[in-house]
Amino acid sequence: MTNVDYARFLAANGPDGYDPDKPWWTTHGRTYLLPGGYRFEGEPAQITHPRYWSVARYNGPLQPVVGVTWYEAAAYCRWLTAEGHTSNWLPQDQEIRLPTWLEWQRAARHTDQRRHPWGTEPPDPERANYQDTGIGAPSPIGSFPLGTAVCGVQDMLGNVIEWTATPDAQPGQTAPEKDFTQSDIVVVSWNSWAQGIENLCCGARDRDYPVNGIYYRSFRVVQSLRAHK
Numbered sequence: 011m012t013n014v015d016y017a018r019f020l021a022a023n024g025p026d027g028y029d030p031d032k033p034w035w036t037t038h039g040r041t042y043l044l045p046g047g048y049r050f051e052g053e054p055a056q057i058t059h060p061r062y063w064s065v066a067r068y069n070g071p072l073q074p075v076v077g078v079t080w081y082e083a084a085a086y087c088r089w090l091t092a093e094g095h096t097s098n099w100l101p102q103d104q105e106i107r108l109p110t111w112l113e114w115q116r117a118a119r120h121t122d123q124r125r126h127p128w129g130t131e132p133p134d135p136e137r138a139n140y141q142d143t144g145i146g147a148p149s150p151i152g153s154f155p156l157g158t159a160v161c162g163v164q165d166m167l168g169n170v171i172e173w174t175a176t177p178d179a180q181p182g183q184t185a186p187e188k189d190f191t192q193s194d195i196v197v198v199s200w201n202s203w204a205q206g207i208e209n210l211c212c213g214a215r216d217r218d219y220p221v222n223g224i225y226y227r228s229f230r231v232v233q234s235l236r237a238h239k
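In this text, residue positions in the sequence shown follow my numbering: the first is 11, and each later residue adds one.
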């Protein structure tokens, strides 16, 4: 999601940023926002914005929003689902949510277990934003059309690391998780503008706590039938 997309979500919360009373926050997400939740050094008692929302290096309108925790990404999805239902562009039996790790991989790899979304050619600065590209920050979405996956999705390698809806303990789980405690561990993709070429391949994954919204962490969404788990 871009900063422009995310700004609409922030505006829906209210003039002071996140409103923990809004219905799109999960139980553990609300706990994270309020005083007593996990904090980086120097953060306020109550969380109202993504960690790097005011940092010029990361807040270009078409750059992917960064510094978001899993809870913020999940809340965005729940908000957008409600928006879609109200505006009638999203069928009532469908939702917007974070992808599972298997779904993320399917989008990146197509059906042939390719090493890179674009095929067999090795990564280069024309196909992805990674360490060798030299940008040193998230690039605007769509900046690397030569790296587009078969399904049409861009930036599956490089640019930003992304949250999934899959617990690290069960990376092959097909159903998306709806919430995580602050001590749970979540699967994330593992390559970004800060990583070297050795990490730039489909299948590279890492894990992290859902409270850890770092400067190269973002998310993408999928539209699907409602999950009932």
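Glycine is no exception: its CB is placed at the ideal position from the N, C-alpha and C atoms. Quick caveat, the model's predicted, so the values are computed rather than measured.
- Under the 10 Å beta carbon count, residue 57 is surrounded by 16 or more other beta carbons and is classified as buried.
- For residue 171, the number of other beta carbons within 10 angstroms of its own is at least 16, and it is reported as buried.
- The beta carbon of residue 68 sits closer than 6 Å to the beta carbons of 62 and 76 from its chain, once the five residues preceding and following it are set aside; these are given in chain order.
- As far as DSSP is concerned, residue 95 takes part in no beta bridge.
- As computed with DSSP, residue 199 is found in a beta bridge with 215.
- Rounded to the nearest angstrom, the gap between the Cα atoms of residue 167 and residue 201 is 6 Å.
- For residue 228, the beta-bridge partners assigned by DSSP are 172.
- Per DSSP, residue 137 lies in no alpha helix (DSSP H) segment and is marked neither H nor E.
- Cβ-Cβ distances below 7 Å link residue 175 to 107, 108, 109, 110, 186 and 187 in the same chain, with the five nearest sequence neighbours on each side left out; the list follows chain order.
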